[in-house]
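Engineer:
In our numbering, the protein residues as written are 18 to 171.
1. In the DSSP assignment, what residue or residues form a beta bridge with residue 39?
2. When the Cα of residue 100 is compared with those of 80, 126, 112 and 117, which residue comes out closest?
3. Let me know the beta strand (DSSP E) ranges lying completely inside the stretch 117-154, each 3 residues or longer, listed in chain order.
4. Taking the alpha-carbon positions, what's the residue 145 to residue 90 distance?
5. Can you tell me whether residue 127 is buried or exposed? The criterion is at least 16 other CB atoms within 10 Å of its CB, across all chains shown.
6. Quick check on DSSP: helix, strand or coil for residue 51?
7. By Cβ distance below 6 Å, which residues in the same chain neighbour residue 25 in space, the five residues on each side in sequence not counted?
8. Closest to residue 117 by CA distance: which of 130, 142 and 124 is it?
9. Check whether the Cβ atoms of residue 62 and residue 77 lie closer than 8 Å to each other.
10. Tell me whether residue 32 sits in a helix, a strand or coil according to DSSP, three-state version.
11. Please report the distance separating the alpha-carbon of residue 51 from that of residue 138.
12. I'd like to check one pair, residue 107 with residue 132: are the Cβ atoms closer than 8 Å?
13. Using a threshold of 8 Å, state whether the C-beta atoms of residue 169 and residue 149 are closer than that.
14. List the endpoints of the continuous beta strand (DSSP E) containing residue 104.
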């Protein structure tokens with residue numbers, strides 16, 4: 018069981034994970050080589066794990082283009098495509114595997130439709146204020162890659 022000792026009290030991984038995190042970096046590995054990050058340098062994001070077992074994450078590219086219209090539903094096809102390509106978000110319940118140091122996100126919502134109603138596993142490397150999540154390989158731009166996201170406690 019992954020736990021730390023603090024003031025003679027065992028602090029388990031789930032408890033340590035709980036809270037809000039700010040994105041530091043998002044890199045991907047392809048065939049062991051780091052390749053450009055999906056949202057570019059300067060991407061921002063917030064990841065939250067609530068004590069009641071729900072999580073939410075939102076990540077966006079820097080300098081996202083705005084829609085010409087101020088009507089929420091009036092973007093052009095090009096504007097909507099650019100918005101989709103520069104943002105990802107999902108949420109749902111989560112479970113922590115203390116023994117093997119991973120978290121499973123059970124997605125109820127996702128900006129990427131193919132992830133709705135799926136389980137997304139992330140391997141955890143957690144220090145006091147830094148969280149590193151590594152995803153199993155996924156298909157990205159025609160290549161199998163491993164996502165590595167680093168977060169600082171907010």
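Where is the CB? At the ideal position from N, CA and C, for every residue including glycine.
Structural biologist: Quick answer:
1. 63 and 169
2. 80
3. 119-123, 136-143 and 147-151
4. 42 Å
5. buried
6. strand
7. With a pLDDT of 40 at residue 25, under the threshold of 50, the predicted position of this residue should be treated as unreliable, though the coordinate-derived value follows. Correct list: empty, nothing qualifies.
8. 142
9. yes
10. helix
11. 20 Å
12. yes
13. no
14. 104-114
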